[in-house]
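Colleague:
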Ligand SMILES: Cc1ncc(C[n+]2csc(CCOP(=O)(O)OP(=O)(O)O)c2C)c(N)n1
Ligand SMILES: Cc1ncc(C[n+]2csc(CCOP(=O)(O)OP(=O)(O)O)c2C)c(N)n1
Ligand SMILES: [Mg+2]
Ligand SMILES: [Mg+2]
């Protein structure tokens, strides 16, 4: 049976014999975001996993801080920090197998790095030396997508293609609360559902799309409630609870891999920093609100749990911090080196072979640069 | 308070204090399409309304048949028949007040005519003498929209504008099951929900988008289940039950007018004819399926009810049929006259004032036509 | 040598054959779009493919053009060669964001690591009595988007050959099908059809000495007809069929114009901001001192495509082309 | 007569002022877009409007460009005059379908019964170090879409004047804001700012006799600078600022080219299929016998807009303009 045939060829019976195709009840999210840390469930969580998550959260936070600092030094054109959202970022990378694919949005550098991409290559877009710095095939990470939600259909197509080829590959695609309003979000979820493609959609609801609060973005009970409209399960999770996000995403990945189709996961979190270093968040929100969320910090939540379970002590904390500082120092050092730049790259990759027109333009620029160099020399 | 302020400035409380904004339960559609005819509820239905619906259904069917015949005579470029869907078409027009607006899709000529638009002017697009034949402001009917779902955001904008101006105007927008897959559907419903705009979205689920059956279009329990993802009510109705469609739509219009915001209505129906006269439906569906639906014919359902309640007898049926024949004869006669054509119209309405460039082109064409006419004369 | 058996065939048949051959040759080729499966497409170009290769190779999709093209991007990322059908020209617009921001840019974005071998078939242009949104000539949009190839056949053999070449290309190709030529017949050798390689080469369809008509797609037969009619006026017109708008074959075009010294660009798309401006400008840049007259343009008017009953006034026809040829300042010669 | 009090102001300030004055003058004017309310837009062009006129007059919308423009269509149908902000050039692409199939066509579709007085403000072009999708020059797309006006200011006074005229127009206007000129200052009379009427007129920014630079938007200051630099080479260049791409002011442009006999078109948008082709072609059609050399083009390369660190190699600068001027076949003169 082909994949398309696997879906029963449903047509509505005439209304007198109407039956809904799918039972909507199991598709609806829980009334509350799922949590693990601070609950009984945490006691059963794998200590090794928790420690790994913790380390990566701390590294991630430090990376955010370092990258933001690099914008001030002019070493990055712009940086959208994910401080406060590290649990989502890290879990999104950790829930996947090697062969799986990650489709990050422009804010998800941390997830990209957590998946194994070189931390400097991951910053290429934001440094501005090229549009994307890493080979997407090396770690199976699509380029950071700036146009919001447009990468979601890519994830669906890739997952479907993998399934057609017989590979048990899952794609995880990340999008913000604001991005859920785009038509591409809708089309992607619908395609995924109809094709039963192995995709997990992770919405990081961080409360804002730049300055626009969620209440002006949607009137839905939750973003996870959108799932039922596609006939797929919607899950709501505390996005600052790394163990919970990891569990929910891992379940969704397993479900997808087993042929169960896509899942929509809404992680409720908060953007602690401004939209980017260029943004002034005081124009649209109170510090008091930020403080409330600071008290629900993903690192602290996990640290508390680990400490309580005796899996982490002061030395452990210090060791992780040290590792983070070392990472930041390396990043700083490498980013302080000028990116190698070749203007001829502009023409090299537009097509498999430059068109005659591009060759002409390339020659024009080459001549200009040579003339410039000669002039410099003459001076 | 401004409209935007009226929506409480919701932001998710930190997950420990999470609360869904809206209770999803009342937004979910019933498990079965709502029906009136053939049930106890029919006994309470207004006889006058039922008779008016019946007449219009019969007229509508006859109009479909006549228009399809006109394509064979080359009098129409193309005609997408709504035979089998007349209950939806007519109810969509009848549920509105004079001051309300209708946003039809390309298949909805019947709704346009039922709202009072001249039956010939309603066919301009399909005859091909111009793109739209009626003044949209005369009966508050937007032009038939060919690009699917693109008219839905228009309905939202118009309804919102009316509300901002303090007018209690409702917009009803029509779309097919296929159209619900488009991004514009999603964006329109979301905008309407966030703005609490007085819009009713009527999806005619007629089982197909040209050749593509619903099962390849969506995996949702029903299309009405999409509503909850926007935080608005979804209603499922038997689209061949004119009384039921009229009631559900009228409720939604009332709800919208009272400031309750938008509703998504899915009417379950069936496209009895091919997609258009140019389509060959035998390529993708069995006659047997069509027969099942013929047995659930909207005209018959209503006729049975009216007869049972003694509101219609053989003479009554004959009288309505006669009215329909007279209408068809008038339509035939008027459509057999050539549409008045002026090629200069091509330049007249592109801008408020033709640009100098258009004036030049217009003069060019005028000269060509004059030369042609002279040549003809010379011969 | 075998004798070549030429048979009459329609462009539609050649396109279907090209898809079939491509799918048979390479399991990575997948066709997707609205109604391409069971129905075989509204123009029946994909007729029989789902039956022969299965629903997964020729897929009916949900009705959402951005979703279709976006999914094709993902499929191409995973090594497939998607061939997307957009049902009509204007219905490709909802996919514009995917086209401009991803399809055209992914190779460049990733320094060549992630090429997207996607073919986007778009039936385009007028002349079939379609109602609004069914007759647009939207090539100007695609030409102005670096990263895309833009090709369009005018003959049955080219329809086959260009489509095979497009599908074989490692770059995205916007493949514009002149829908009013779908049922045009000409002689073709279906037993040994050949891809057109390389894409990007124009062809002289008719040699002449007085002036060059530069054209493509649906306007090629019109220009050939005009060239015939022009003989009565004493003009011997050369007709160049561009076939590929991107890349542009300056060499063939300029060689012709340098020979004839005069040129008219002919296309259905609107004049202002249309392909003709680019073509006239680049020919003038390269052949200025060979030109006896400015390069003129015969194009659609700068209006939304007119309704069926008026389209004959809009479409560039033989008379309008000959009027333009007459304005090529012949008096200067004598 | 009162003395005109000229003050320095930025283009951003003039745009904000134009919006404010338009909103104060006509309650039908509504501003909508992403972040235009509380934040005042990412470029702060709508700063203070929500506060002064309320959230219903200056609305933050959900994040969906087709929805924004589509809703604006509906608002215009009901008698409002929506002013839409697209956050960046490339983020207008998701709204392309609404723009091409409805905004541009509704008046024509309804024989003038349903005009759509919508202004679509789009910050466009590069030069501000933006990452991909933040620096596109997409005017070619809009020029090729009949039914739209396309205007773009290059001075502070024009920014005010054109925006007032655009909002007052009963037709849809694509209002392209050269984002790297937002903070450019020049002298302006804020006490009596005037709309530019009629839209559609170019203006000679600098008179000269040797050749004409035809340009618009962000390239106007570059051309003025080039004209200054050209004096050292003995060239006295005229600079025409088009201001309006649609309609196109053939009169002013051709009068200039007829005077100077030579022309270069300068813009940031890509060359192939870009505005320059149209401009060069129409100037050549109209001024052929006045031209000493072909009309040349200095434009962006035909590549996806490059990353911040490379954009200086891409953007047409003074040297590249002077190189083109030098290629205008001056030897023929002597
Ligand atoms: C299609 C598109 N429109 C607009 C933008 C400009 N923009 C960049 S980020 C942003 C807000 C995104 O909000 P959200 O989706 O919630 O993600 P977050 O920034 O919170 O991570 C906007 C409007 C864009 N990048 N893409
Ligand atoms: C944006 C867009 N894409 C494609 C088409 C071509 N098309 C016309 S009708 C149709 C099927 C519509 O199906 P549905 O929405 O269910 O409406 P129905 O025809 O059943 O009334 C398609 C694909 C179109 N009109 N608009
Ligand atoms: Mg957000
Ligand atoms: Mg349908």
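Protein chains in written order, with this note's numbering: chain A, 1089 to 1467; chain B, 1089 to 1467; chain C, 1288 to 1621; chain D, 1288 to 1621. Even glycine gets a Cβ: it sits at the ideal position worked out from N, Cα and C.
1) Does DSSP put residue 1288 of chain D in a helix, in a strand, or in coil?
2) Which residues of chain B have a Cβ atom closer than 8 Å to the Cβ of residue 1256 of chain A, listed in chain order?
3) Rounded to the nearest angstrom, what separates residue 1262 of chain B and residue 1573 of chain D at their Cα positions?
4) Could you tell me whether the segment 1407-1420 of chain D touches the segment 1589-1600 of chain D, where touching means 3 or more Cβ pairs closer than 8 Å?
5) Cβ of residue 1503 of chain D within 7 Å of Cβ of residue 1524 of chain D?
6) Between the segment 1218-1238 of chain B and the segment 1164-1180 of chain B, do at least 3 Cβ pairs fall closer than 8 Å?
7) With DSSP as the reference, label residue 1566 of chain D as helix, strand or coil.
8) Would you say residue 1409 of chain C reaches chain B, if we count a Cβ-Cβ gap shorter than 7 Å as a contact?
9) Does any C-beta atom of chain C lie closer than 7 Å to the C-beta of residue 1269 of chain B?
10) Looking at chain B, which residues of the segment 1369-1403 of chain A have a Cβ within less than 8 Å of any of its Cβ atoms?
11) Where does residue 1089 of chain A sit, in a helix, a strand or coil, going by DSSP?
12) What residues match up with residue 1407 of chain C in a beta bridge as DSSP calls it?
13) Let me confirm a value: residue 1370 of chain A is counted as buried when at least 16 other C-beta atoms fall within 10 Å, else exposed. Which label applies?
14) If residue 1341 of chain B sits next to residue 1184 of chain B, beta carbons under 8 Å apart, how far is it from one beta carbon to the other, in whole angstroms?
15) Would a check of beta-carbon distances place residue 1504 of chain D closer than 7 Å to chain B?
16) Can you list the beta strand (DSSP E) stretches of 3 or more residues lying completely in the segment 1323-1400 of chain D, in chain order?
17) For residue 1292 of chain B, which beta-bridge partners are listed by DSSP?
18) Would a C-beta distance cut-off of 7 Å place residue 1222 of chain A and residue 1281 of chain A closer than the cut-off?
19) Would you kindly report the start and end of the unbroken beta strand (DSSP E) that includes residue 1531 of chain D?
20) What number of angstroms, rounded off, separates the C-alpha of residue 1494 of chain C from the C-alpha of residue 1526 of chain C?
21) From residue 1240 of chain B to residue 1191 of chain B, what does the alpha carbon distance come to, in whole angstroms?
22) With a threshold of 7 Å between beta-carbons, can residue 1235 of chain A be considered close to chain D, or not?
23) Identify the residues that DSSP records as bridge partners of residue 1295 of chain C: which are they?
24) Does the CB of residue 1278 of chain B have a neighbour CB from chain A at under 7 Å?
25) Tell me the DSSP bridge mates of residue 1498 of chain C?
26) Which whole-angstrom value describes the C-beta separation of residue 1309 of chain A and residue 1321 of chain B, a residue pair presumed to lie in contact below a C-beta threshold of 8 Å?
27) Counting along the chain, where does the beta strand (DSSP E) carrying residue 1553 of chain C start and finish?
28) So, using beta-carbon positions, are residue 1508 of chain D and residue 1553 of chain D closer together than 7 Å?
29) Which ranges would you report for the alpha helix (DSSP H) in the segment 1290-1346 of chain A if only whole runs of at least 4 residues count?
30) Taking any heavy atom of ligand 3 as the mark, which residues have a C-beta closer than 6 Å to it, listed down the chain?
31) Spatial neighbours of residue 1274 of chain A within its chain, please: C-beta separation below 8 Å, excluding the five flanking residues on both sides.
32) Helix, strand or coil, according to DSSP, for residue 1306 of chain D in the structure here?
33) Check whether the Cβ atoms of residue 1424 of chain C and residue 1517 of chain C sit closer than 7 Å, and answer yes or no.
34) So residue 1275 of chain B contacts chain D; which residues on that side make the cut at Cβ distance below 8 Å?
35) Of all the alpha helix (DSSP H) runs that stay within the bounds of the segment 1401-1456 of chain D, which reach a length of 4 or more residues?
36) Any beta carbon of chain C sitting closer than 7 Å to that of residue 1095 of chain A?
Modeller: Well, looking at it:
1) Because the pLDDT at residue 1288 of chain D is just 43, under 50, the model does not fix this residue reliably, and the value given afterwards should be weighed accordingly. In this structure, DSSP gives residue 1288 of chain D a state outside helix and strand, which the three-state scheme calls coil.
2) For a Cβ distance threshold of 8 Å, nothing in chain B lies close to residue 1256 of chain A: the least Cβ distance comes to about 21 Å.
3) About 49 Å.
4) Verdict: yes, contact present.
5) No, Cβ-Cβ distance for residue 1503 of chain D and residue 1524 of chain D is not below 7 Å.
6) No contact exists between the segment 1218-1238 of chain B and the segment 1164-1180 of chain B.
7) DSSP places residue 1566 of chain D within a helical segment (H, G or I) once states are collapsed to three.
8) No - not a single Cβ of chain B is within 7 Å of the one on residue 1409 of chain C.
9) Chain C contact via Cβ: present.
10) For the segment 1369-1403 of chain A, the residues whose beta carbon sits under 8 Å from a beta carbon of chain B are, in order, 1377, 1380, 1381, 1383 and 1384.
11) For residue 1089 of chain A, the predicted structure reports a pLDDT of 40, less than 50, and the residue's modelled location is therefore unreliable. The matter cannot be settled from this model.
12) Partner(s): C/1371 and C/1461.
13) For residue 1370 of chain A, the number of other beta carbons within 10 angstroms of its own is below 16, and it is reported as exposed.
14) Between residue 1184 of chain B and residue 1341 of chain B the Cβ distance is about 6 Å, and since that is below 8 Å, they are a contact.
15) Not closer than 7 Å to any Cβ of chain B, the Cβ of residue 1504 of chain D fails to qualify, so no.
16) Taking only runs of at least 3 residues, the beta strand (DSSP E) segments lying wholly in the segment 1323-1400 of chain D are 1345-1347 and 1368-1372.
17) Bridge partners of residue 1292 of chain B: B/1264 and B/1355.
18) Cβ atoms of residue 1222 of chain A and residue 1281 of chain A: not closer than 7 Å.
19) That run of the beta strand (DSSP E) goes 1531-1533.
20) The straight-line gap from Cα to Cα measures roughly 7 Å.
21) For residue 1240 of chain B and residue 1191 of chain B, the distance between alpha carbons rounds to 7 Å.
22) Taking 7 Å as the threshold, the shortest C-beta distance from residue 1235 of chain A to chain D falls below it.
23) Answer by DSSP bridge pairing, in chain order: C/1474.
24) So, interface residue.
25) Looking at the DSSP output, residue 1498 of chain C bridges to C/1524.
26) Not a contact, Cβ separation roughly 12 Å.
27) Run containing residue 1553 of chain C: 1550-1557, per the beta strand (DSSP E) assignment.
28) Going by C-beta atoms, residue 1508 of chain D is not nearer than 7 Å to residue 1553 of chain D.
29) Restricting attention to alpha helix (DSSP H) runs no shorter than 4 residues, the segment 1290-1346 of chain A encloses them at 1330-1345, ordered along the chain.
30) Those residues, listed in chain order, are A/1264, A/1265, A/1266, A/1294, A/1296 and A/1297.
31) Hits under 8 Å: none found.
32) Helix.
33) No, the pair does not count as a contact, with Cβ atoms beyond the cut-off.
34) The contacting residues are 1349, 1351, 1353, 1354 and 1357.
35) DSSP assignment within the segment 1401-1456 of chain D yields the following whole alpha helix (DSSP H) runs of 4 residues or more, N-terminal first: 1426-1430 and 1443-1455.
36) Reliability of the predicted coordinates at residue 1095 of chain A is poor, the pLDDT of 37 falling under 50, and the value obtained from them is presented with this limitation in mind. So no, residue 1095 of chain A is outside the interface.
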